[in-house]
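In our numbering, the protein residues as written are 2 to 534. Glycine included, every Cβ here is placed at the ideal spot set by N, Cα and C. As the structure is a prediction and not an experimental result, all values here were calculated from the model.
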Amino acid sequence: MIERCLYTFPLSVCLLVPLAYFLSFIVAVKLDHSKFEFPFLSRSSTDSPESCIYSQIINFASFVLFITIYIRYRQLSQLIRNNPTCGKKYSQTNFLFFFCGITTAFSMSIISNFPVRKIIRRIIMSLFRNISIDPPIEVFHLTELFNQDTNPSKINLSIGVYQDENGKTLTLPLVRSVEQRMAQDLTLTKNYLKVTGLDSFCTASLKLILGEQSLAIIENRACSIQSLSGTGALRIGLDFLYRNGFRIAYVSIPTWGNHESILQTVGFEIRKYRYWNKEKLTLDIDGFMADLESAPEKSVIILHACSHNPTGCDPTHEQWKRISETCKSRQLIPFFDIAYQGLSSGDLDVDAWAIRYFVHEAKLELFVAQSFAKNFGLYNERIGHLVSVFKSCDIISKFRTQMATIIRRNYSNPPAHGAYIVATILTNPTLYNEWKTHVRTMYERIHAMRQLLYSKLKQLDTPGTWEHIIQQTGMFAYTGLNPRQCQTLIQQHHVYVMSDGRINVCAITSKNVDEIAQKFNNVITNYVDDPKL
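Here is the structure:
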């Protein structure tokens, strides 16, 4: 009888434990107490009724296991006593295994009778096991795919950085020279900047955007707050507006992808105004104005000061005047985003025209988020500033205190390196003129590549009209390609473009323009319509 038990009891344990596990798990899944994932014990042994099934069967299995171990212990003890050659060591080993066995049996019972959240979850399961996976950021994801692509003819038209004729993103010689001077300047330290930034940088940047003789600056109604590039300026500016009761914000269709993300994170209700006419491949000014005129008072309007991203299509001066009049009559808050001053027309003052008109002629209170990533080539320095213009100078001091609070709670202090570079260049007439020459050179290359791509597409008799490419301004061209055509360019031709058809004109060179035009012509000819559009 005892010999039979030694086989029956272990076999029972091997069957009962999995049976308890799967029975309780099936009930848990059916009752939506648990998901189909590992480990399942967390809910199976905690929620009724599956906890009862699990506990009772495991308790019985634990008892059977204990009996099996006890019988084996007694058998071996008897064998050791009857064999004179077996010493004390055998008895100790037998007892050790007996102790381990009963510990295992009781542990099974404990797990089945106490909340596993306290036992298993804290030891095995991460508290973050159910976090969701966010979709990749398209522009950086495409760059990763490009870097992994081994095709020798691959071309990246997606990333938004300036590139020279050799396809390189180089540091401006002027910036490199200033950095060398800074390295030799023993008066520069690594001490903290003020929460609101480097004063010399803020003063010079404010004059760059509003003009040297700006009445708003003279009357102390405008100020500049250093930020983490343009994105940081948008965030802290929108934080200020939301903090002071503004709740609705409008963005263009389409707009830079991060606009909506930032607004949503801050808490704004996002609404949209029409901007791009897909059929005519130009600005939809009538739809634009109609949507502005119906916007509630105190709505924040995100505007692109020049080189609209992604379309590259800007309002004319007369259209800007109409927009300013509507903002004034509807008591709307313009919030300009400018990342391409100097690269849109080649002239720093021309590219700031809309902002200056709103401030000096329309007399509007407004905000400006400016980045110096593109026109200084300081992409990874994250240097920019937030400009605010109010009707009264009394507001400035209050505004600064709130901005200091917002920044302190966010990233505490801005970085110094990029601020010193920009301030040094903008405050030195010789360096400033040299920088303007660099900006003009970058603009001329962008303009030339637009013309070159346009002429190549025309030579190939590519279907459609392509005048919009040379009418647009800035680093990007909004080609009008549909998502299927863009996907085909990537998968079949190794030309990486954004899914909305935006391309970086700076990535075009005299060496690759023929290949780009031919591949564009191929997908446009073979994939004319996208049924999803």
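Do N95 and Y74 have their beta-carbon atoms positioned less than 8 Å apart in this structure? Position 73 of the sequence shown, counting from 1, holds the residue named residue 74. Position 94 of the sequence shown, counting from 1, holds the residue named residue 95. Yes, the pair counts as a contact, with Cβ atoms nearer than the cut-off.
Sub-8 Å separation of G233 and R383 beta-carbons: Taking the first residue of the sequence shown as 1, we reach residue 233 at position 232. Taking the first residue of the sequence shown as 1, we reach residue 383 at position 382. Contact flag set, yes.
Classify Q164: buried if its beta carbon has 16 or more other beta carbons within 10 angstroms, exposed otherwise. In the sequence shown, residue 164 corresponds to position 163, counting from 1. Its Cβ being crowded by 16 or more others within 10 Å, Q164 is buried.
According to DSSP, what are the bridge partners of Q371? Indexing the sequence shown from 1 puts residue 371 at position 370. Partner(s): I339 and H386.
For I3 and K89, what's the separation of their Cα atoms in angstroms? As a position in the sequence shown, residue 3 is number 2, starting the count at 1. As a position in the sequence shown, residue 89 is number 88, starting the count at 1. At I3, the pLDDT of 44 sits below 50, so the modelled position is not reliable; the number obtained from the coordinates is stated separately. Straight across, the Cα-Cα distance linking I3 with K89 is about 25 Å.
Can you say whether G193 is buried or exposed, counting buried as having 16 or more other CB atoms within 10 angstroms of its CB? In the sequence shown, counting from the first residue as 1, residue 193 sits at position 192. In the sequence on display, residue 193 carries Tyr and not Gly. Exposed, because fewer than 16 other Cβ atoms sit within 10 Å of the Cβ of Y193.
Using a Cβ-Cβ cut-off of 7 Å (strictly less than) and excluding sequence neighbours within five positions of S159, which residues of its own chain qualify? As a first step, residue 159 is located in the sequence shown; it is residue number 158 there, counting from the start. V140, L143, T144, Y497, V498, M499 and N505, listed in sequence order.
Consider the Cβ of V179: report whether some Cβ of chain C lies at a distance smaller than 8 Å. Chain labels in this structure do not include chain C; a single protein chain is all it has.
Start and end residues, beta strand (DSSP E) containing S253: Position 252 of the sequence shown, counted from the start, is the residue given in the question as residue 253. It spans I249 to I254 - the beta strand (DSSP E) in which S253 sits, taken as one unbroken run.
Completely contained beta strand (DSSP E) runs for the segment 409 to 454, where each covers 3 or more residues: none
Going by DSSP in three states, C487 sits in which element: helix, strand or coil? The residue you call residue 487 lines up with position 486 of the sequence shown. It is helical.
Three or more beta-carbon pairs under 8 Å between the segment 267 to 284 and the segment 399 to 409, yes or no? no
In or out: G475 buried (at least 16 other Cβ within 10 Å) or exposed? The sequence position of residue 475 within the sequence shown is 474, counting from 1. Burial state of G475 is buried, judged by a 10 Å Cβ sphere holding 16 or more other Cβ atoms.
Less than 7 Å between C-beta atoms, sequence neighbours within five positions excluded: which residues of the same chain meet that for A424? The residue you call residue 424 lines up with position 423 of the sequence shown. The answer, listed in chain order, is L199, S201, F202 and A205.
For F336, which of F241, G419, L284 and S345 has the nearest alpha-carbon? Counted from its first residue, the sequence shown places residue 336 at position 335. Ranking the options by Cα distance to F336, first place goes to F241.
Residues in its own chain within less than 7 Å of L216 by CB, not counting five upstream and five downstream? On the sequence shown, position 215 is the one that residue 216 refers to. So the qualifying residues of the chain are H361.
Would you list the one or two residues that DSSP bridges to A478? Within the sequence shown, residue 478 is the residue found at index 477, counting from 1. Answer is I504.
Check each candidate in V440, E280 and Q320 and name the one with the smallest Cα separation from L293. As a working note, residue 293 is residue 292 in the sequence shown. Here the closest residue by C-alpha is Q320.
Tell me, which residues are paired with S228 by DSSP? As a first step, residue 228 is located in the sequence shown; it is residue number 227 there, counting from the start. Answer is G385, bridged to S228.
Should T157 go down as buried or exposed, given a rule of 16 or more other Cβ atoms within 10 Å for buried? Translated into the one-based positions of the sequence shown, residue 157 becomes position 156. The sequence given here places Asn at residue 157; Thr does not occur at that position. It is buried - the Cβ of N157 has at least 16 other Cβ atoms within 10 Å.
Tell me whether the beta-carbon of C328 lies closer than 8 Å to the beta-carbon of L365. Residue mapping note: residue 328 aligns to position 327 of the sequence shown, counting from 1. Residue mapping note: residue 365 aligns to position 364 of the sequence shown, counting from 1. A Cβ-Cβ contact shorter than 8 Å links C328 with L365.
Give me the DSSP bridge partner(s) of V496. As a working note, residue 496 is residue 495 in the sequence shown. BP columns for V496 point to I156.
Extent of the continuous alpha helix (DSSP H) to which E261 belongs: Position 260 of the sequence shown, counted from the start, is the residue given in the question as residue 261. First-last of the alpha helix (DSSP H) with E261: G258 to V267.
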